[in-house]
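Read the structure below first, then the notes.
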Amino acid sequence: MTGQASPVQLGGTSFPEVLSRRLHMGKGAARRRIADAEQLVPRRTITGEQLAPQLPHTAQALGRGDIGEEHVRIIRQFFDRLPVVVDAATREAAEAQLAVMATPFRPEALRIGADRMMALLNPDGQFSDADQARRRGLTIGPQGFDGMSAISGLLDPETRAYLDAPPQSWVRITDYPSPSSSPPHSKSSKTAPESRSPAPAPAYPCAI
């Protein structure tokens, strides 16, 4: 679908929206299904040459009906967590083994097997800056009835350490001196609660 027409041509603003409307499913499920398909269908180069799927053995097992969507999601999550330093041959062997493992087992058992394989491939749990940059990010949901918005995502260690610090150590835009401000040695007019309050919203993008 994504390679044949644009979302606008299909009557929507995004592919998840088009899929959710046509199949009567939630947008979250539609996004997951499209993400699965991107790794399970054959790819094409800019010259039109066809390439194998990113997860060929998983695609074959799904096509035969040997595994389900939850199996696919666990395998995708495994490779999402796998460090970038793992070479292509090892990745291919791991994908083949996970696809074989998924066939006779339920998703819960596959997840245990995937965790054990991850421990073998990355025993020290080392992740580079590139690994963290590949996965970090924040998603802000729509505003609720009270104007509040839910946030989900992954933070790198530096950002997590910043947020774990006491609020009074955060950068406060209102603390920066202005030409009309009092001299640094003058006594602050802020009350104790104001001094302990979190940084104002404009300060967060600077940190995150």
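Under full-length UniProt numbering, the sequence shown has 91 at position 91, and the numbering climbs by one with no breaks.
Where a beta carbon is used, it is the ideal one built from N, C-alpha and C, also for glycine.
All figures in this text were calculated on a predicted structure; none of them were measured in a lab.
Backbone CA spacing between residue i and residue j [nearest angstrom]
i: F79; j: P123; result: 15 Å
i: A114; j: G63; result: 21 Å
i: R76; j: R136; result: 17 Å
i: D87; j: A99; result: 19 Å
i: P107; j: D146; result: 38 Å
i: H59; j: A96; result: Rather than His, the amino acid found at residue 59 in this sequence is Ala. Cα to Cα, A59 sits roughly 10 Å from A96.
i: E69; j: L121; result: 25 Å
i: residue 211; j: A133; result: It is not possible to answer for residue 211, since the shown part of the chain is limited to 1 through 208.
i: L40; j: A102; result: 15 Å
i: R160; j: R91; result: 30 Å
i: V72; j: E38; result: 12 Å
i: L138; j: F127; result: 19 Å
i: L10; j: H57; result: 31 Å
Range of the contiguous beta strand (DSSP E) that encloses residue i
i: Q77; result: Taken as a continuous stretch (DSSP letters only), Q77 belongs to no beta strand (DSSP E), being part of the alpha helix (DSSP H) at E69 to R81.
i: T139; result: G137 to Q143
i: L154; result: S149 to L154
Residues that DSSP places opposite residue i in a beta bridge
i: L51; result: R43
Continuous alpha helix (DSSP H) stretch holding residue i: start and end
i: V85; result: Element bounds for V85: n/a, residue is neither H nor E.
i: G65; result: Looking at the DSSP string, G65 is not in any alpha helix (DSSP H), and its letter there is neither H nor E.
i: L19; result: F15 to L23
i: P157; result: P157 to D164
Distance between beta carbons of residue j and residue i, contact taken as under 8 Å
i: L51; j: R43; result: 4 Å
i: M117; j: A93; result: That pair is no contact at about 10 Å.
i: A30; j: S20; result: 4 Å
i: I67; j: R111; result: At roughly 13 Å, the Cβ-Cβ gap does not stay under 8 Å, so I67 and R111 are not in contact.
i: S149; j: P142; result: 7 Å
*Any chance you could list the alpha helix (DSSP H) runs of at least 4 consecutive residues sitting entirely within the stretch 96-128, in chain order?*
List check, alpha helix (DSSP H) in window: 107-121.
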